[in-house]
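A.B. asks: Quick one: structure below, then a few questions.
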């Protein structure tokens, strides 16, 4: 008997492995292996195709991307000791080049480029230099995109979910409509909105002019550094809000009706009902919605690829777009991998943050 | 009904309709624009005529779009790549989920934990090393031996067959099925594969639909980042990459709108028919973890 039992266990072992193996092998080869390779490659100078052997370079790729320097400049002074003033009445500052191309006197600024500058008191000027300005802008834009899109999209989605959760006739039709953009490809949506945002013949300008009775002046939404990223944000919210509405909705529907009845008997106002009955029950849904939106925001790509390709003046660069530009277009696998690693660390920190928030309650 | 309640109800519907317009109008604009010649299209966009099929309406944009790009080809590619991936994914992922739930084997816990951990790895973070991998993988096909997967159908299919979400959805569903069913057919002498094939799969209709819809949306709609990197030959291009055709030389917005309409309307119709299943599928992605 024991022999039979051992045999049965062995057979089940074998059957179990065989059935699980194909899918697991695929996950391993095309997900886990490249994941670990990203870490390894980011420490080398690997290129897609190269005659030279790959070399280990340590954290050089990361230093290249993340290196920044702070430079405080005094205004130029003329022979009499007065501050030089330009035609518009602003003080004149020395050229940043004087510092970044002078390896002997300023090795810490060498080969860096100006990212942005801030005026300080007493006419001083703080210049923030970066080794890789384009990457810094991509990082900054991606974080900004997540920071702004996250609360707005989650808020709108909750509003829509509350609207849709009313017992009204025909409410399902509205749910279907609000959700519709979610099933449309972001590529299609981006192209459609590229036309809507067009500066000359765009629908948005035309509508704004019509409603403002001609007062509104046309804006080239995607061609302007100040409006390009907000335009992409608005479109992304339009496309994605239905998705999160559905998640909020499933959270709302877990709240027992009896809770609302108690609130009604106690004479709670509509706001009080929301504040003290609805909202506390939505805590975990809220965390989930925020995390999903943040993750989606971090991987911002098709919008940038289709609408602006990072421009104008790098104002819509994103991390994933830069990873593709480097890893594929410039065939710089190691540089692209380094961006991927940073992106993953961002995603991981959000994920751990979610774990922390949801664990606290148990 | 008292007057103030009627007014309240009317206001609610007004709000609902106003919001619905924000979601519908861009889509309507796309479809309507695809029917207009470019000159009229640009003129109409300054009035509400932009949303109405009025004036010189025709399918000219569609015929010239088909002339400009091998659209049938792109659609065929997309449908085939998406279809094969869905079928393989449903089969292999449900099979492994079956093994995770109903069988006992050495190392199961560890393997399942590793698969689950890949949840938090977005495709975007592995795309670059994956490019290096597929660039160096050998392949034997109808055309003979090749040293790279670049420019092929399988490079767009095989990496996307197995994923943690699909496996996890099946595992969750299988866990709620009664274990007695499996025991009973095992005692009747069925092999494990027969149990999977004859007992479990016939009960899995809802989860197969959910997994298929999710895979469809992921594959058909997102074919951009990966094909851009691995498919340079147009023979293998999916619809989303085919768009590049319309930005060479002069941009004809009417044609672009026609192309967008062609590749979007089937998905929208599909959604309208199966909207409950679509919405339920998307909601289920939120329950992960």
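Chains as they are written, first to last, in my numbering: chain D, 3 to 364; chain A, 21 to 309.
Each residue gets a CB set at the ideal place from its N, CA and C atoms; glycine is no exception.
Say whether chain A places a C-beta atom closer than 8 Å to the C-beta of residue 58/D.
C.D. replies: Judged by the 8 Å Cβ criterion, residue 58/D is not in contact with chain A.
A.B. asks: If you run the structure through DSSP and keep just helix, strand and coil, what is residue 166/A?
C.D. replies: In the structure shown, residue 166/A sits in a strand (DSSP, three-state: E or B).
A.B. asks: Residues of chain A with a CB under 9 Å from the CB of residue 43/D: which are they?
C.D. replies: 148, 149 and 152, listed in chain order.
A.B. asks: Select from the stretch 200 to 227 of chain D all residues with a C-beta closer than 9 Å to any C-beta belonging to chain A, and list them in chain order.
C.D. replies: If the cut-off is 9 Å between Cβ atoms, the stretch 200 to 227 of chain D has 200, 202, 203, 204, 205, 207, 208, 209, 211 and 212 near chain A.
A.B. asks: Closer than 7 Å between beta carbons: that is the criterion. Which residues of the stretch 102 to 131 of chain A meet it against chain D?
C.D. replies: Hits within the stretch, in order: 112, 113, 115, 116, 118, 119, 120, 123, 124, 125, 126, 128 and 131.
A.B. asks: Roughly how many angstroms separate the alpha carbons of residue 7/D and residue 129/A, rounded to a whole number?
C.D. replies: Distance between the alpha carbons of residue 7/D and residue 129/A: 22 Å.
A.B. asks: Is residue 157/D close to chain A, meaning its C-beta is less than 8 Å from at least one C-beta of that chain?
C.D. replies: Residue 157/D does not count as touching chain A.
A.B. asks: Note down, in chain order, each residue of its chain lying with its Cβ closer than 6 Å to the Cβ of residue 308/A, except the 5 sequence neighbours on either side.
C.D. replies: In this prediction, residue 308/A scores a pLDDT of 45, lower than 50, which makes its location untrustworthy; the coordinate-derived value is nonetheless stated afterwards. Excluding sequence neighbours, residue 308/A sits near nothing in its chain.
A.B. asks: Pull up the CB-CB distance for residue 149/A and residue 55/D, whole angstroms please, since I reckon it's below 8 Å.
C.D. replies: Not a contact, Cβ separation roughly 18 Å.
A.B. asks: Under 8 Å by Cβ, that's how I've got residue 29/D and residue 316/D pegged, so tell me the actual separation to the nearest angstrom.
C.D. replies: Not a contact, Cβ separation roughly 36 Å.
A.B. asks: By the three-class DSSP mapping on this structure, what secondary structure does residue 75/D have?
C.D. replies: The answer is strand: DSSP assigns residue 75/D an E or B state.
A.B. asks: Give a yes or no on whether the minimum CB-CB distance between residue 295/A and chain D is below 8 Å.
C.D. replies: Judged by the 8 Å Cβ criterion, residue 295/A is in contact with chain D.
A.B. asks: Can you list, in chain order, the residues of its chain whose CB lies under 6 Å from that of residue 366/D, leaving out five sequence neighbours each side?
C.D. replies: Since the displayed chain D opens at 3 and closes at 364, residue 366/D lies outside it and no answer follows.
A.B. asks: In three-state terms, what does DSSP make of residue 93/D?
C.D. replies: Reduced to three states, the DSSP call for residue 93/D is strand.
A.B. asks: Taking 8 Å as the CB-CB cut-off, is residue 163/D touching chain A?
C.D. replies: Answer no: the Cβ-Cβ gap between residue 163/D and chain A never drops below 8 Å.
A.B. asks: Going along the chain, which unbroken runs of the alpha helix (DSSP H) with 4 or more residues stay wholly within the stretch 236 to 269 of chain D?
C.D. replies: List check, alpha helix (DSSP H) in window: 259 to 267.
A.B. asks: Assuming residue 351/D and residue 44/D are in contact, meaning their beta carbons sit under 8 Å apart, how far apart are those beta carbons, in whole angstroms?
C.D. replies: That belief does not hold up - the Cβ atoms of residue 351/D and residue 44/D are roughly 17 Å apart, past 8 Å.
A.B. asks: Using a beta-carbon distance below 8 Å, is residue 32/A in contact with chain D?
C.D. replies: Yes, because at least one Cβ of chain D sits closer than 8 Å to the Cβ of residue 32/A.
A.B. asks: Out of 184/D, 138/D and 148/D, state which residue places its alpha-carbon closest to the alpha-carbon of residue 130/D.
C.D. replies: Out of 184/D, 138/D and 148/D, 138/D has the C-alpha closest to the C-alpha of residue 130/D.
A.B. asks: Out of curiosity, what's the CA-to-CA distance linking residue 92/A and residue 212/A?
C.D. replies: Looking at the two C-alpha atoms, the distance is approximately 43 Å.
A.B. asks: Is it buried or exposed, residue 228/D, if we count other Cβ atoms within 10 angstroms and call 16 or more buried?
C.D. replies: Flag for residue 228/D reads exposed.
A.B. asks: With a CB to CB cut of under 8 Å and the five nearest residues on each side skipped, what residues in its chain are close to residue 274/D?
C.D. replies: The residues are 265.
A.B. asks: Based on Cα-Cα distance, which residue from 67/D, 94/D and 150/D lies nearest to residue 296/D?
C.D. replies: Comparing Cα positions, the closest option is 150/D.
A.B. asks: What residues from chain A crowd round residue 342/D, counting only those whose CB sits closer than 8 Å?
C.D. replies: What residue 342/D touches in chain A: 144, 145, 146, 147, 148 and 149.
A.B. asks: Comparing the C-beta of residue 52/A with each C-beta of chain D, is any distance below 8 Å?
C.D. replies: So no, residue 52/A is outside the interface.
A.B. asks: Whole angstroms is fine: what's the gap from residue 334/D's alpha carbon to residue 51/D's?
C.D. replies: The alpha-carbon atoms of residue 334/D and residue 51/D are separated by roughly 9 Å.
A.B. asks: With DSSP as the reference, identify every bridge partner of residue 121/D, one or two as the case may be.
C.D. replies: Answer is 127/D, bridged to residue 121/D.
A.B. asks: Considering only the alpha carbon of each residue, which of 267/D, 112/D and 75/D lies closest to residue 95/D?
C.D. replies: For residue 95/D, the nearest C-alpha among the options comes from 75/D.
A.B. asks: From what residue to what residue does the beta strand (DSSP E) around residue 159/A run?
C.D. replies: 159 to 161 is the span of the beta strand (DSSP E), which, as asked, contains residue 159/A.
A.B. asks: What does residue 19/D touch in chain A if you count any residue whose Cβ is under 7 Å from its own?
C.D. replies: Simply 125.
A.B. asks: Among 321/D, 154/D, 328/D and 174/D, which residue has its Cα nearest to the Cα of residue 288/D?
C.D. replies: Nearest C-alpha to residue 288/D: 154/D.
A.B. asks: Out of curiosity, what's the CA-to-CA distance linking residue 216/A and residue 113/A?
C.D. replies: Residue 216/A and residue 113/A: Cα-Cα distance of roughly 12 Å.
A.B. asks: When we look at the beta-carbon of residue 218/A and count the other beta-carbons within 10 Å, is it buried (16 or more) or exposed?
C.D. replies: It is exposed - the Cβ of residue 218/A has fewer than 16 other Cβ atoms within 10 Å.
A.B. asks: To the nearest angstrom, how far is it from the Cα of residue 81/D to the Cα of residue 89/D?
C.D. replies: One C-alpha to the other measures close to 19 Å.
A.B. asks: With H, G and I counted as helix, E and B as strand and the rest as coil, what does DSSP make of residue 24/A?
C.D. replies: It is helical.
A.B. asks: Report yes if the CB atom of residue 120/A is closer than 8 Å to the CB atom of residue 17/D, and no otherwise.
C.D. replies: Against a cut-off of 8 Å, the Cβ pair of residue 17/D and residue 120/A comes out as no contact.
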